[in-house]
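Using the numbering used here, read the sequence shown as starting at 10 and increasing by one per residue. Inspection log for the structure reproduced underneath, given as structure tokens.
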Amino acid sequence: MQKLYVAMVGLPARGKSTLAKRIRDGLMTEGIAARLFNNGDMRRALIGAESTDPNFYDPNNKVGREAREMICMRNMDQARDWLAHEGEVAILDATNVSRARRHLIETTLTDHPVLFVECVNEDQLLLNACIRRKTTLPEYASYTEEEALASFMKRISYYETIYDPLQDEKYWLRVDSTANRLLDERPCESSPYYPAIREMVVSVWIQCLYLARHGQTEFNLRGRIGGDPPLTATGRAQALALATHLRDKPIEWVFTSTRIRSHETATPLLSERPDAHAMAFKEFDEIWAGDCEGMLYSEIRERMPEVTQGRNASKYTYAYPHGESYAMLRERVQRGLRRALFLAGDAPLIIVGHQAINRVLLSLFLRQRNEDVPFMYIPQNQYYHISLTPRRKVFERVPYDDRQGASLLER
């Protein structure tokens, strides 16, 4: 039976390793023997701290260049040996950004086809976040944060001088790794694994996502919309109860809006997870009510009856004066979700959102009619758990006892 090499391509911090792992995991779920061969892991094991110096990646550094080529050749040898025995798909996880390196791979691995998969990411916010995350790796333990950042940026600059996008190679896929979107391809139609891999690179993968709404605020109690109010005592109890309920759940990323109530709800979650990453996205800010921000619903009915009439006629498409509609939210919420999923990779994450935001987020996973989205049930004492892969789909609403949070606050 024909076997396959998959060689990743792309500048650092573009999502190559995350996608490589998804391809491996997806193939293994199908009963296909797949394995990763990561150049970075071998580099750290064989060379150690010396290879953290950015000058190791200077194309004009003969010693560094030869060391990198040695690692590449050794990984290819191991991949070839594995395919010669029990393996079916060997995945070479490395930058492979130069045509010379890819030519070396194609001319060395001639026993089976080579499929190149290039990851592209032009979202500057995500790139900055990914680069900062890279600087927390153990190999930068002796660096200050700014030293590590400068070192990694210089490493990237060296790769940029030799980077050539895929073009002349025999088989390849180019993928927008943030949007899970295929940009271009030269299909490897002879490989029985190609259709499955092609599907995997464009599929949304969510291993474990928790979606929670912020706790109660004074605006919630009074019927005011928008604003930036803090949590009430009940809201703080709900936040504490949520954190207690999820205490034993592994959560590595916590995403919030930029609003106070979202931050305060996430604070107890983060206090129990000092190593968790936290980021606030404006994409997750509550729907903007424009001229109606901070108003009571009763005030809107009395002073701006045309707003009430417009929303009653079509709550999904009606936009507040100088504000937003649910339809307008979709693009920014979808962008926020893509960013959150890209940063988290396959790690468990939670989004602490708002009522309208969570409605739109849920509608991205459910086949919900647009006109029904503004009426989806988003309680403040329950959360949603979502797992979504090509072979597994889990969607559940889970209640938690917010009275437990009140008792903890009283202690």
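Where a beta carbon is used, it is the ideal one built from N, C-alpha and C, also for glycine.
Looking only at R52, T253, V211, the smallest Cα-Cα distance to L28 is reached by V211. Under the three-pair Cβ rule at 8 Å, the segment 389 to 398 does not count as touching the segment 326 to 339. The DSSP-derived three-state label of K258 is coil. Under the 8 Å Cβ criterion, the segment 221 to 236 does not count as touching the segment 183 to 194, having fewer than three qualifying pairs. Note on M304: 16 or more other CB atoms within 10 angstroms of its CB, so buried under the neighbour-count rule.
Closest in C-alpha terms to L146, from the list L135, Q133, S160, L134, comes S160. DSSP places I309 inside the alpha helix (DSSP H), whose first and last residues are 306 to 312.
Residue environment for D411: buried (at least 16 other C-beta atoms within 10 angstroms of its C-beta).
If you compare the alpha carbons of E208, Q216, L249, A43 with that of G224, the shortest gap goes to L249.
The beta-carbon separation of V129 and A43, rounded to 23 Å, does not stay under the 8 Å limit for a contact.
When beta bridges are read from the DSSP output, Y393 appears opposite L220, R406.
Of all C-beta pairs linking the segment 115 to 129 to the segment 42 to 59, fewer than three are shorter than 8 Å, placing the two stretches out of contact. For L352, the uninterrupted alpha helix (DSSP H) run begins and ends at 335 to 353, by DSSP. In the DSSP assignment, F293 falls outside any alpha helix (DSSP H) and carries neither an H nor an E.
For M17, the enclosing beta strand (DSSP E) starts and ends at 13 to 18. Here the C-alpha atom of K25 lies approximately 14 Å from the C-alpha atom of L135.
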